[in-house]
Amino acid sequence: MSVEVRRTAAGLQLELAGQWGLRQAETARAQLAAIDLRAVREVEISTRAVESLDLSGAWVLREFLQRASAAGAEVSFQGAPPDQLRVIDQTLKEPTAGSAAEDSDAAPPGAVLLYDVGRYAVHAWHDAVLSFAFLGRALVTFFASLRSLRRLRPISVARHVYDTGITAMPITALIAFLVTVIIAYLSAQELRGLGVDIYVVDLVTIGVLRELGVLLTSIITAGRSASSYAAELGSMQLNEEVDALVATGVDPFEVLVVPRVLGFVIALPLLTVIADLVGLTGGALLCRYLLDMPLTQYINRMNEAIAPTTFWVGIIKAPVFAVLIALAGCYRGMQVRGSARELGHKVTVAVVQAIFLVILADALFAILFMKMDI
Amino acid sequence: MTLRYPLIEVRGLVNRFGSQLVHDGLDMEVREDEVFGIVGGSGSGKSVLLRSILGLQHPEAGTVRIQGQDITRLSEAQLRPIKACYGVAFQSGALYSGLTVLQNVQLPMMEHLDLESPVRDELALLKIRLVGLPADAAYKYPAELSGGMVKRAAIARALALDPALLFLDEPTSGLDPVSATAFDDLVLFLQKELKLTIVMITHDLDSIFRTCNRVGVIVNRRMESDTVERIVDHPNPFIREYFHGERARGARIAAHEGATDGGGAAADGERGDGA
Numbered sequence: 001m002s003v004e005v006r007r008t009a010a011g012l013q014l015e016l017a018g019q020w021g022l023r024q025a026e027t028a029r030a031q032l033a034a035i036d037l038r039a040v041r042e043v044e045i046s047t048r049a050v051e052s053l054d055l056s057g058a059w060v061l062r063e064f065l066q067r068a069s070a071a072g073a074e075v076s077f078q079g080a081p082p083d084q085l086r087v088i089d090q091t092l093k094e095p096t097a098g099s100a101a102e103d104s105d106a107a108p109p110g111a112v113l114l115y116d117v118g119r120y121a122v123h124a125w126h127d128a129v130l131s132f133a134f135l136g137r138a139l140v141t142f143f144a145s146l147r148s149l150r151r152l153r154p155i156s157v158a159r160h161v162y163d164t165g166i167t168a169m170p171i172t173a174l175i176a177f178l179v180t181v182i183i184a185y186l187s188a189q190e191l192r193g194l195g196v197d198i199y200v201v202d203l204v205t206i207g208v209l210r211e212l213g214v215l216l217t218s219i220i221t222a223g224r225s226a227s228s229y230a231a232e233l234g235s236m237q238l239n240e241e242v243d244a245l246v247a248t249g250v251d252p253f254e255v256l257v258v259p260r261v262l263g264f265v266i267a268l269p270l271l272t273v274i275a276d277l278v279g280l281t282g283g284a285l286l287c288r289y290l291l292d293m294p295l296t297q298y299i300n301r302m303n304e305a306i307a308p309t310t311f312w313v314g315i316i317k318a319p320v321f322a323v324l325i326a327l328a329g330c331y332r333g334m335q336v337r338g339s340a341r342e343l344g345h346k347v348t349v350a351v352v353q354a355i356f357l358v359i360l361a362d363a364l365f366a367i368l369f370m371k372m373d374i
Numbered sequence: 001m002t003l004r005y006p007l008i009e010v011r012g013l014v015n016r017f018g019s020q021l022v023h024d025g026l027d028m029e030v031r032e033d034e035v036f037g038i039v040g041g042s043g044s045g046k047s048v049l050l051r052s053i054l055g056l057q058h059p060e061a062g063t064v065r066i067q068g069q070d071i072t073r074l075s076e077a078q079l080r081p082i083k084a085c086y087g088v089a090f091q092s093g094a095l096y097s098g099l100t101v102l103q104n105v106q107l108p109m110m111e112h113l114d115l116e117s118p119v120r121d122e123l124a125l126l127k128i129r130l131v132g133l134p135a136d137a138a139y140k141y142p143a144e145l146s147g148g149m150v151k152r153a154a155i156a157r158a159l160a161l162d163p164a165l166l167f168l169d170e171p172t173s174g175l176d177p178v179s180a181t182a183f184d185d186l187v188l189f190l191q192k193e194l195k196l197t198i199v200m201i202t203h204d205l206d207s208i209f210r211t212c213n214r215v216g217v218i219v220n221r222r223m224e225s226d227t228v229e230r231i232v233d234h235p236n237p238f239i240r241e242y243f244h245g246e247r248a249r250g251a252r253i254a255a256h257e258g259a260t261d262g263g264g265a266a267a268d269g270e271r272g273d274g275a
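Residue numbers (my numbering), protein chains in the order written: chain A, 1 to 374; chain B, 1 to 275.
Encoded structure:
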């Protein structure tokens with residue numbers, strides 16, 4: 001790529017040579033931009049020595065021609081002007097619809113913050129309304145499908161119990177065990193100093209049964225299952241599988257949402273029982289080997305520590321958390337439209353919201369149980 | 001003019017999936033400045049052939065030369081400059097769904113070149129307008145486009161690096177007849193004005209008769225290729241059936257009538273379907 005510039009009495013003579021392509025566009029632009037057009041009345045361009053000229057090369061040349069015309073110079077070619085210039089002119093000449101309405105959605109200057117806050121608030125409100133609508137529709141579909149066993153999709157429900165429950169057992173058990181051991185160990189250190197290390201048993205038992213068992217399980221499965229629900233339904237949306245179901249006259253809530261929620265409502269309490277058991281076992285092992293407390297003493301103390309309600313106060317929360325987690329996953333999954341990025345975004349939102357909702361609900365339960373004095 | 005070796009030369013290509021032999025000694029040749037159509041029955045290995053040429057599928061035997069270089073023996077790094085000289089528009093568009101059309105077109109430029117961003121914007125917009133999309137389509141996401149527009153956007157992206165060679169995989173499938181005709185016009189326009197060599201897989205007989213110079217038919221795991229005029233009289237029964245069946249007759253008549261008004265008016269013809 002090269003440009004040779006000769007100044008004549010009337011103006012400039014440009015001799016273009018070599019390859020004028022996209023790869024040379026940057027250099028060509030710089031070289032043409034460096035040409036001084038002041039007091040130039042005529043520009044004569046020769047393209048005979050050009051080996052190749054592609055669309056991008058022609059566009060760079062066209063940019064120069066426009067600058068020359070704007071500066072008042074007359075442009076001419078030795079021989080015919082390159083075809084590519086004509087193609088570009090023709091392309092850009094055609095009117096395009098609606099190109100002026102590019103930024104009708106932009107905020108007026110100076111009000112960006114206010115605009116953003118307002119838009120966010122409206123968006124959040126819409127989202128809240130829509131999620132209640134989703135919950136409502138899921139409930140209606142659930143009650144409608146109670147009429148027959150077939151419409152409850154037992155096989156699908158069983159699959160989800162397996163996917164979200166059975167396969168989550170090892171990780172739930174491991175985490176429950178480790179967390180209980182850590183808590184027992186830390187509290188044992190403190191309580192031993194006071195000479196009341198027997199209270200480790202109370203702490204572990206009540207802590208695990210009332211809070212830790214169900215909360216740990218819910219948070220782990222929120223990460224596991226809310227994400228998988230959202231990703232599954234989201235990619236089905238992208239693949240138009242959900243539309244295909246609707247078009248076949250099948251209610252996607254009946255075949256996709258309700259079995260997932262139902263399966264998880266069955267799986268989460270069972271997982272919680274396992275987490276409770278493993279947690280208590282962990283506490284017992286720690287007390288046995290670190291505090292040298294005989295197993296019988298641990299069990300006796302445990303029986304004294306728990307009220308008849310302790311276990312139920314924990315386990316009753318599991319189905320509620322399950323509904324929240326499963327609905328967050330399904331709702332966000334069904335919202336996916338259009339792009340792979342959207343899918344990733346919705347899966348993230350599903351997990352974050354599932355965990356948030358679980359903790360919020362747990363706080364509400366805590367207040368409720370306090371008022372009920374249990 | 002310099003010596004014109006075939007732009008693409010496939011010799012003795014063998015592809016096999018498990019026990020299923022897809023290609024058995026397939027030969028194919030594409031010359032410069034022509035529109036070459038690849039046709040064949042469903043499952044005859046058209047897409048596998050395209051994937052072999054693009055280097056997405058490593059053939060069991062045979063050579064694939066693009067501009068004289070055997071791509072089956074080149075490393076990934078050596079392939080990079082060759083890949084920059086052709087553009088591919090996949091069947092379903094394969095636009096990156098998280099990027100706008102403009103960003104989709106710019107992506108190859110950003111990967112291969114170091115351009116200032118205003119220049120890149122202008123050049124990308126030029127390509128978008130060139131394929132007949134309205135300028136405001138540039139800021140839309142693929143999900144917001146109609147089927148015809150997605151296919152045009154895919155071509156705009158394929159043209160991002162000003163390639164000399166363009167591959168189209170079933171460009172008119174899924175389009176209504178009017179859009180399909182407009183699309184054929186676009187192919188002719190690009191071929192004529194940009195001096196592109198175009199290789200396209202197609203089932204659309206109208207498209208073949210309107211746009212292709214030469215056609216290669218995959219029969220019995222090999223390819224028979226000839227000019228459009230001559231291939232229709234090929235002795236092979238499958239090829240005869242393909243071009244002389246009930247569906248083919250109308251297409252040939254239409255193409256014959258269309259030949260008089262030619263494809264030169266493509267640029268100002270039907271552009272921007274679905275816009």
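Think of the CB as a built atom: it goes at the ideal place given N, C-alpha and C, for glycine as much as any other residue.
Bear in mind that the values here come from a model prediction, so they are computed numbers and not experimental data.
task = Examine chain A for any beta-carbon lying closer than 7 Å to the beta-carbon of Ala143 (chain B), and answer yes or no.
result = So yes, Ala143 (chain B) belongs to the interface.
ask   = Closer than 7 Å, CB to CB, is Ser156 (chain A) near chain B or not?
value = no
inquiry  = Taking CB distances under 7 Å as the criterion, tell me whether Ser99 (chain A) reaches chain B.
reply    = Because the pLDDT of Ser99 (chain A) is 45, which lies under 50, any placement of that residue in the model is unreliable, and the number read from its coordinates should be weighed accordingly. Closer than 7 Å to some Cβ of chain B, the Cβ of Ser99 (chain A) qualifies, so yes.
task = Return the CA-CA distance between Arg16 (chain B) and Asp24 (chain B), expressed in angstroms with no decimal places.
result = 9 Å
query = Where DSSP assigns a beta bridge to Ala17 (chain A), which residues make up the other side?
reply = Ala17 (chain A) is bridged to A:Ser2, A:Ala49.
ask   = Taking the continuous beta strand (DSSP E) assigned at Leu165 (chain B), which residues delimit it?
value = 165-169
ask   = Quick one: which chain A residues come within Cβ less than 7 Å of Asp162 (chain B)?
value = Gly21, Leu22, Asp54, Leu55, Ser56
inquiry  = Does the contact criterion of 3 or more C-beta pairs under 8 Å hold for the segment 47-54 of chain A versus the segment 67-83 of chain A?
reply    = yes
task = For Val214 (chain A), go through chain B and note every residue whose CB falls closer than 8 Å to its CB, in chain order.
result = Near Val214 (chain A) there are no residues of chain B at all, since even the closest Cβ is about 38 Å away, more than 8 Å.
key: Proximal residues of chain B, C-beta to C-beta of Asp202 (chain A) below 7 Å   = Those within 7 Å of Asp202 (chain A) in chain B number zero; the least Cβ separation is about 53 Å.
request  = For Asp103 (chain A), decide whether its Cβ has a neighbour in chain B, counting only Cβ atoms nearer than 7 Å.
outcome  = In this prediction, Asp103 (chain A) scores a pLDDT of 49, lower than 50, which makes its location untrustworthy; the coordinate-derived value is nonetheless stated afterwards. No, because no Cβ of chain B sits closer than 7 Å to the Cβ of Asp103 (chain A).
query = So is Ala230 (chain A) in contact with chain B if we call contact Cβ pairs under 7 Å?
reply = no
request  = Could you tell me how far apart the beta carbons of Leu166 (chain B) and Ser56 (chain A) are, in whole angstroms, since I believe they sit closer than 8 Å?
outcome  = Actually they are not in contact, since the Cβ atoms of Leu166 (chain B) and Ser56 (chain A) sit about 16 Å apart, beyond 8 Å.
ask   = Which residues of chain A have a Cβ atom closer than 8 Å to the Cβ of Asp121 (chain B), listed in chain order?
value = Here the premise fails: no neighbours, minimum Cβ distance about 12 Å.
key: Residues near Pro283 (chain A) by beta carbon distance below 6 Å, same chain, minus five either side   = It is Gly, not Pro, that sits at residue 283 (chain A) in the sequence shown. These residues qualify, in order along the chain: Thr180, Ala184, Val204.
inquiry  = Quick check on the DSSP output: what are the complete alpha helix (DSSP H) runs of length 4 or more inside the segment 17-88 of chain B, in order along the chain?
reply    = 46-54, 76-83
ask   = When DSSP labels each residue in this structure, what does Gly314 (chain A) get in the three-state scheme?
value = helix
ask   = Skipping 5 residues on each side, what residues in its chain have a beta carbon closer than 8 Å to that of Val39 (chain B)?
value = Lys46, Ile201, Thr202, His203, Ile208, Val215, Gly216, Val217, Ile218, Tyr242
key: Cβ-based burial, Phe143 (chain A) [other Cβ within 10 Å; buried from 16]   = exposed
task = May I ask you to list, following chain order, the residues of the segment 91-115 of chain B that have a beta carbon less than 9 Å from some beta carbon of chain A?
result = Tyr96, Ser97, Gly98, Leu99, Met109, His112, Leu113, Asp114, Leu115
ask   = Leaving out the 5 sequence neighbours to the left and right, which residues in its chain are closer than 6 Å to Thr227 (chain B) when beta-carbon positions are compared?
value = Here the set comprises Arg214.
request  = Alpha carbon to alpha carbon, how far is Ala176 (chain A) from Gly279 (chain A)? Give it in angstroms, no decimals.
outcome  = 5 Å
inquiry  = Let's test the definition: count the other Cβ atoms within 10 Å of the Cβ of Asp373 (chain A) and tell me whether it reaches 16, buried, or not, exposed.
reply    = exposed
Strand pairing of Ile198 (chain B), partner residues [DSSP] = B:Val35, B:Leu166
query = Where does the unbroken alpha helix (DSSP H) through Met109 (chain B) begin, and where does it stop?
reply = 101-112
ask   = Taking any Cβ of chain D, which residues in the segment 126-155 of chain B have a Cβ under 8 Å from it, in chain order?
value = Protein chains in the displayed structure are A and B, and chain D is not among them.
task = Could you tell me whether the Cβ of Glu26 (chain A) comes closer than 7 Å to any Cβ of chain B?
result = yes
inquiry  = Any C-beta of chain A within less than 8 Å: which residues of the segment 187-209 of chain B qualify?
reply    = Glu193, Leu194
request  = Note down the Cα distance separating Ser235 (chain A) from Ala322 (chain A), rounded to an integer number of angstroms.
outcome  = 22 Å
Same chain, Cβ closer than 7 Å to Met302 (chain A), five either side skipped, listed in chain order = Val201, Thr205
inquiry  = Among the candidates A:Trp20, A:Thr272, A:Ala244, whose CA atom is the shortest distance from the CA of Gln31 (chain A)?
reply    = Between Gln31 (chain A) and the set A:Trp20, A:Thr272, A:Ala244, the nearest pair of CA atoms involves A:Trp20.
inquiry  = With a threshold of 8 Å, are at least 3 pairs of Cβ atoms found where one atom belongs to the segment 90-100 of chain B and the other to the segment 151-170 of chain B?
reply    = yes
request  = Just mark Phe36 (chain B) as buried or exposed, buried being the case when its beta carbon has 16 or more other beta carbons within 10 Å.
outcome  = Residue environment analysis places Phe36 (chain B) among the buried positions, since at least 16 neighbouring C-beta atoms fall within 10 angstroms of its C-beta.
ask   = Of all the CB atoms in chain B, is at least one closer than 7 Å to the CB of Arg341 (chain A)?
value = yes
request  = Could you check the C-alpha separation between Pro259 (chain A) and Pro154 (chain A) for me, to the nearest Å?
outcome  = Roughly 8 Å separates the two Cα atoms.
Arg65 (chain B) beta carbon less than 7 Å from that of Val105 (chain B) = Taking 7 Å as the Cβ cut-off, Val105 (chain B) and Arg65 (chain B) do not qualify as a contacting pair.
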